[in-house]
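What follows is one structure encoded as structure tokens, with my remarks underneath.
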Amino acid sequence: MRYILAVIGFIIGFILLIVLIVTLRPSTSSTNRTNTPSPKLADLASTDATVRYSTAGPINAQEDHREIRITVNNDERVVDVLQGYQGDVLAHETFTNSTEAYQSFLAGLDRAGFTLTKKTNLDTEAGLCPTSNRYVYELYDTPANSAYKAFRRWSISCGTTASFGGSASTVRTLFTSQIPNYATFINDTPGASAINF
């Protein structure tokens, strides 16, 4: 009986020793961390950096083809409806912007994955989804010392092939929400409402 109690006591002591060692051991994860903040798209709000979202409608006759382009920077928000393949401006509206509003907008885009890339074997959306829409996401005029470099990414409405890796629907909503009375503007422009969002 003594022998059994000694074995049980040894096992309990060994378990307590292991627990004590694990709980008193210094954490290596917190000591190895750096406090370097990760770059944020919103950091570009006070620069000349510009973001653009474009929707190209179905591939059709020169006279019927439409593209909607929304461009935003810290000074202005612009919506254009383009006709044909040369980009003739059919309708145009400009609204002022502020650095603070642009910073909030860029933070939303960042959370929606605006800068994310998706791997694809195709380098352009040209010719894809010919009876539906093609979407282009752009960042340009970034400062030379910025963590973000200019880019152009794309997605399509009729499949999953894309170079854009973010949430397309959230980004689309963020851009269209930058334009007051967006739906009215589109509906009042001939042929623009045919582009399905």
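If you read the sequence shown in our numbering, its first letter stands for residue 194, the second for the next number, and so on.
Using N, Cα and C, we set each Cβ at its ideal position, and we do this for glycine too.
*Taking only the alpha-carbon atoms, compute the straight-line gap between N326 and L309 and give it to the nearest angstrom.*
20 Å
*asked:* Does the segment 232 to 251 come into contact with the segment 326 to 336, if we say contact requires no fewer than three beta-carbon pairs (one atom in each stretch) closer than 8 Å?
replied: yes
*Looking at the structure shown, is L309 part of a helix, part of a strand, or coil, going by DSSP?*
coil
_Less than 6 Å between C-beta atoms, sequence neighbours within five positions excluded: which residues of the same chain meet that for T324?_
P251
*Please state whether DSSP places Y375 in a helix, a strand or coil.*
helix
*Assigned secondary structure, D281 (DSSP; H/G/I helix, E/B strand, else coil)*: strand
*Can you grab the Cα-Cα spacing for the pair A235 / L275, in whole Å?*
When rounded, the separation of the alpha-carbon atoms in A235 and L275 is 29 Å.
*Let me know if T227 comes out buried or exposed under the rule of 16 or more other beta-carbons within 10 Å of its beta-carbon.*
For T227, the predicted structure reports a pLDDT of 49, less than 50, and the residue's modelled location is therefore unreliable. The matter cannot be settled from this model.
*Which residues does DSSP pair with Y333 in a beta bridge?*
Under DSSP, Y333 shares a beta bridge with T243.
*Q296 - DSSP class collapsed to helix/strand/coil*: helix
*Would a C-beta distance cut-off of 7 Å place A361 and S370 closer than the cut-off?*
Contact annotation: A361 and S370 have beta-carbon atoms that are not nearer than 7 Å.
*Leaving out five residues on either side along the sequence, give the residues of the same chain with a beta carbon under 6 Å from the beta carbon of A284.*
These residues qualify, in order along the chain: V274, T382.
*Apart from the five residues just before and just after A355, which ones in its own chain have a Cβ nearer than 7 Å to its Cβ?*
Within the same chain, and ignoring the five residues on either side of A355 in sequence, the residues whose Cβ sits closer than 7 Å to its Cβ are K311, T313, W347, S348, I349.
*State the beta-bridge partners of A355 as determined by DSSP.*
For A355, which the question treats as bridged, DSSP gives the partners S348.
*Helix or strand or just coil, what does DSSP make of T317?*
coil
*Of the residues I201, I211, N267, H258, which one's Cα is nearest the Cα of T335?*
N267
*asked:* If I follow the unbroken alpha helix (DSSP H) through T369, where does it start and stop?
replied: First-last of the alpha helix (DSSP H) with T369: 361 to 369.
*From E286 to G306, what does the alpha carbon distance come to, in whole angstroms?*
27 Å
*Through-space distance from I211 to T240, alpha-carbon basis*: 56 Å
*Terminal residues of the beta strand (DSSP E) in which Q276 lies*: 269 to 276
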